[in-house]
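See structure below.
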Amino acid sequence: MSSKINYTLHLADNALILGQRNSAWCGHGPVLEQDIAITNISLDLIGQARSLYQYAAELTGGGTTEDSLAYLRTEREFSNCLLVEQPNGDWAQTLLRQFLFSSYQFYLYQYLQCYSDTRIAAIAEKSLKEVSYHLRWSSEWVIRLGDGTEESHRRIASALDELWRYTGELFLPAGYEKDLAIDVAALEYDWSKKIKNVFAEANLTVPGNVFMQTGGKSGMHSEYLGHLLTELQYMQRTFPGCEW
Amino acid sequence: MQFIRKYFYGDIPEDKSGAATTGKSSGHDWPLWEVFIRSKNGLEHKHAGSLHAADAQMAIENARDVYTRRMEGVSIWVVESKYITATNPEEAGELYDPAVDKIYRHPTFYNLPDEVNHM
Chain S
96 MSSKINYTLH
106 LADNALILGQ
116 RNSAWCGHGP
126 VLEQDIAITN
136 ISLDLIGQAR
146 SLYQYAAELT
156 GGGTTEDSLA
166 YLRTEREFSN
176 CLLVEQPNGD
186 WAQTLLRQFL
196 FSSYQFYLYQ
206 YLQCYSDTRI
216 AAIAEKSLKE
226 VSYHLRWSSE
236 WVIRLGDGTE
246 ESHRRIASAL
256 DELWRYTGEL
266 FLPAGYEKDL
276 AIDVAALEYD
286 WSKKIKNVFA
296 EANLTVPGNV
306 FMQTGGKSGM
316 HSEYLGHLLT
326 ELQYMQRTFP
336 GCEW
Chain D
212 MQFIRKYFYG
222 DIPEDKSGAA
232 TTGKSSGHDW
242 PLWEVFIRSK
252 NGLEHKHAGS
262 LHAADAQMAI
272 ENARDVYTRR
282 MEGVSIWVVE
292 SKYITATNPE
302 EAGELYDPAV
312 DKIYRHPTFY
322 NLPDEVNHM
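The listed protein sequences correspond, in order, to chains S and D. Add 95 to the 1-based position in the first sequence for this note's numbering, that's all there is to it. Add 211 to the 1-based position in the second sequence for this note's numbering, that's all there is to it.
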């Protein structure tokens, strides 16, 4: 049971942290229309996180709620992958992070749709429609920047240099994934194919021989997560139990 | 200092196919697009508003994100604003005023059965 709780939390944390990251663009998007696009994606992700936290809270019992899971756990208790906690950087870095992660979520949720736990399967099925759109939107932006001007290409290429090292972790099973026989390694083939196809159109090359960073899935995070959580959890920590 | 200058559709200079220009570029020089949304199957597409986008594909996606996030639509059309020809407001008199006193053109002299919708 604890592996199932931990896995549900891992899925929820991924969605919440990326949702929180994207939400920082609200009011700062490069143009109004894209400001709305990225914050819509943010809300989709936070919605996914809520469904998953609610399920994890039910499994945990004992007064645990979706809010206590999101607002009252410490950095080491979060098991999101490192990729989603990386800073927004410029627009290129934000949407490349989205692309790398949405393409992962796309194949993962397809897989989880048929998972034996019907609650997780149902959340995956519902979320897949949203993720398909995130993938479509971010793929087009990767191509647009990669195949755009000299500056846009330079920016997306440097974002790729920065973020690629966090992609290896996605396909390395954590303890809870092994316990539940969730074969994340098997997703890598389709994911790589998708990435290569989009990169080919964007004139980008998959970096070779990069040392892959790991640890997020077991609570060992980069320096950025603590700062993010400080902001995310500030209200509940300062005014415990406060409600809107 | 340059003040905002409003163009009417139809007389937009080719190099600025946006409805209004300001002295300062608003961060991009993407053309303006008009968005039409069909709220449900069987109904017509209605003008919902306009937005900026680099190409038709982006215009569709922007329209989806800006105009259908509260379940407003099931289908979207976009067309670049410069392709819309509009009447000139100065000619409003000769174009529209003659219809003012011709109330017999309204179908208000008939009784419509309740079952007839969308009239």
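Glycine included, each C-beta is placed from N, C-alpha and C at the ideal position.
Within 8 Å (strictly less), CB to CB, does S/ALA132 reach chain D? By 1-based counting over the first sequence, the position of residue 132 of chain S is 37. S/ALA132 counts as touching chain D.
Among the residues of its own chain, which have a CB less than 8 Å from the CB of S/GLY241, if the five just before and after it don't count? Within the first sequence, residue 241 of chain S is the residue found at index 146, counting from 1. These residues qualify, in order along the chain: SER247, HIS248, ILE251, ALA252, PHE294, GLU296, ALA297, ASN298, LEU299.
Determine which residues of the segment 113 to 138 of chain S have a Cβ less than 7 Å from any Cβ of chain D, and write them out in chain order. PRO125, VAL126, GLU128, ILE131, ALA132, ASN135
Could you round the C-beta distance between S/ALA110 and S/LEU138 to whole angstroms and report it? I think they count as a contact, below 8 Å. The residue you call residue 110 of chain S lines up with position 15 of the first sequence. The residue you call residue 138 of chain S lines up with position 43 of the first sequence. Actually they do not touch by this definition, with Cβ atoms about 11 Å apart.
Identify whether D/VAL290 lies in helix, strand or coil by the three-state DSSP scheme. Taking the first residue of the second sequence as 1, we reach residue 290 of chain D at position 79. Three-state DSSP puts D/VAL290 in a strand.
Identify, in the order they occur along the chain, each residue of the same chain with its Cβ nearer than 8 Å to the Cβ of S/ALA152, setting aside the five sequence neighbours on each side. Counting from 1 along the first sequence, the entry for residue 152 of chain S is found at position 57. THR159, THR160, GLU161, SER163, LEU164.
Taking only beta-carbon positions, decide if S/GLU235 is within less than 8 Å of chain D. On the first sequence, residue 235 of chain S is found 140 positions in, with the first residue counted as 1. Yes, S/GLU235 lies at the interface with chain D (some Cβ there is under 8 Å from its Cβ).
Would the beta-carbon of S/SER313 fall within 8 Å of that of S/ALA269? As a working mapping, residue 313 of chain S is identified with position 218 in the first sequence. As a working mapping, residue 269 of chain S is identified with position 174 in the first sequence. Contact: yes.
Closer than 7 Å between beta carbons: that is the criterion. Which residues of the segment 292 to 320 of chain D meet it against chain S? none
What residues of chain D sit near S/TRP186, judged by a beta carbon separation below 8 Å? Residue 186 of chain S sits at position 91 when you count from the first residue of the first sequence. Residues of chain D whose Cβ lies closer than 8 Å to the Cβ of S/TRP186 do not exist; the shortest such Cβ separation is about 11 Å.
Excluding the 5 residues flanking S/TRP186 on each side, which residues of the same chain have their C-beta closer than 7 Å to its C-beta? Counting from 1 along the first sequence, the entry for residue 186 of chain S is found at position 91. Excluding residues within five positions, the ones whose Cβ falls inside 7 Å are PRO125.
Is it buried or exposed, S/TRP339, if we count other Cβ atoms within 10 angstroms and call 16 or more buried? Numbered from its first residue, the first sequence carries residue 339 of chain S at position 244. Exposed: under 16 other Cβ atoms inside 10 Å.
Check distances from the C-beta atoms of the segment 271 to 294 of chain D to those of chain A and list, in chain order, the residues that come in under 7 Å. No chain A is part of this structure, whose protein chains are labelled S and D.
CB contact check: D/ALA264 to chain S, cutoff 8 Å: Here the question's residue 264 of chain D lines up with position 53 in the second sequence. Answer yes: the Cβ-Cβ gap between D/ALA264 and chain S drops below 8 Å somewhere.
Going by the DSSP bridge assignment, what does D/ILE248 pair with across the sheet? Along the second sequence, one-based indexing puts residue 248 of chain D at 37. Looking at the DSSP output, D/ILE248 bridges to D/LYS257, D/ILE287.
Take S/LEU223 as the anchor and find which of S/GLN143, S/ASN183, S/SER234, S/ALA132 has the nearest alpha-carbon. Against the first sequence, residue 223 of chain S aligns to sequence position 128. Ranking the options by Cα distance to S/LEU223, first place goes to S/GLN143.
Which whole-angstrom value is the C-beta distance of D/TYR278 and D/ALA265, which I expect to be below 8 Å? Counted from its first residue, the second sequence places residue 278 of chain D at position 67. Counted from its first residue, the second sequence places residue 265 of chain D at position 54. The pair is not a contact, with the Cβ atoms about 18 Å apart (cut-off 8 Å).
Is it the case that the segment 174 to 192 of chain S contacts the segment 310 to 328 of chain S, given that we only count it when at least three CB pairs across the two stretches are under 8 Å? yes
Spatial distance of D/HIS293 from D/LYS257 (CA atoms): What you label residue 293 of chain D is simply residue 82 of the second sequence in a count that begins at 1. What you label residue 257 of chain D is simply residue 46 of the second sequence in a count that begins at 1. Residue 293 of chain D is actually Lys in this sequence, not His. The straight-line gap from Cα to Cα measures roughly 18 Å.
C-beta neighbour in chain D for S/TRP259, strict 8 Å: Translated into positions along the first sequence, residue 259 of chain S becomes position 164. No, no contact with chain D.
Residues in its own chain within less than 7 Å of S/SER98 by CB, not counting five upstream and five downstream? Position 3 of the first sequence, counted from the first residue, corresponds to residue 98 of chain S. So the list reads TYR271, ASP274, LEU275, once near-sequence residues are dropped.
At what residues does the alpha helix (DSSP H) containing S/MET96 begin and finish? Taking the first sequence and counting its residues from 1, the one referred to as residue 96 of chain S is at position 1. Element bounds for S/MET96: n/a, residue is neither H nor E.
List, in order along the chain, the chain D residues whose C-beta lies closer than 8 Å to that of S/TRP339? Taking the first sequence and counting its residues from 1, one reaches residue 339 of chain S at position 244. Correct list: empty, because the minimum Cβ distance to chain D is about 20 Å.
Candidates S/SER211, S/VAL237, S/THR213, S/TYR199: which alpha carbon is nearest S/VAL226's? Position 131 of the first sequence, counting from 1, holds the residue named residue 226 of chain S. For the options S/SER211, S/VAL237, S/THR213, S/TYR199, the alpha carbon positioned closest to that of S/VAL226 is the one of S/TYR199.
Helix, strand or coil: which one does DSSP assign to S/LEU267? Position 172 of the first sequence, counting from 1, holds the residue named residue 267 of chain S. The answer is coil: DSSP assigns S/LEU267 none of H, G, I, E or B.
What do you get for S/THR244, buried or exposed, if any count of 16 or more other CB atoms within 10 angstroms of its CB means buried? Working through the first sequence from its first residue, we reach residue 244 of chain S at position 149. Counting Cβ neighbours within 10 Å, S/THR244 comes out exposed, since fewer than 16 surround it.
What is the rounded straight-line gap between the Cα of S/VAL237 and the Cα of S/MET96? As a position in the first sequence, residue 237 of chain S is number 142, starting the count at 1. As a position in the first sequence, residue 96 of chain S is number 1, starting the count at 1. Approximately 40 Å between the Cα atoms of the pair.
Alpha carbon to alpha carbon, what distance is there between S/ASP278 and S/TYR204? As a first step, residue 204 of chain S must be located in the first sequence, where it is residue number 109. As a first step, residue 278 of chain S must be located in the first sequence, where it is residue number 183. Spanning the two alpha carbons is a distance of roughly 12 Å.
How is S/LEU106 classed by DSSP in three states: helix, strand or coil? Here the question's residue 106 of chain S lines up with position 11 in the first sequence. Helix at S/LEU106.
Rounded to whole angstroms, what's the CA-CA distance from S/SER233 to S/LEU190? Just pull it up for me. For this step, residue 233 of chain S is matched to residue 138 along the first sequence. For this step, residue 190 of chain S is matched to residue 95 along the first sequence. One C-alpha to the other measures close to 6 Å.
Give me the Cα-Cα distance between S/GLN208 and D/LEU323, rounded to the nearest whole angstrom. If you number the first sequence from 1, residue 208 of chain S lands on position 113. If you number the second sequence from 1, residue 323 of chain D lands on position 112. Taking the straight line from one Cα to the other gives about 51 Å.
For the alpha helix (DSSP H) that contains S/TRP120, what are its first and last residues? If you number the first sequence from 1, residue 120 of chain S lands on position 25. S/TRP120 -> no alpha helix (DSSP H), and no H or E assigned at all.
So the candidates are S/MET307, S/GLY156, S/LEU147, S/THR169; which of them puts its Cα closest to the Cα of S/LEU258? Here residue 258 of chain S refers to the residue found at position 163 of the first sequence. If we check each option's Cα against that of S/LEU258, S/MET307 comes out closest.
Going along the chain, which residues of its own chain have a beta-carbon closer than 6 Å to the beta-carbon of S/TYR210, five neighbours each way excluded? In the first sequence, the residue the question calls residue 210 of chain S occupies position 115. Same-chain partners within the cutoff: ALA216.
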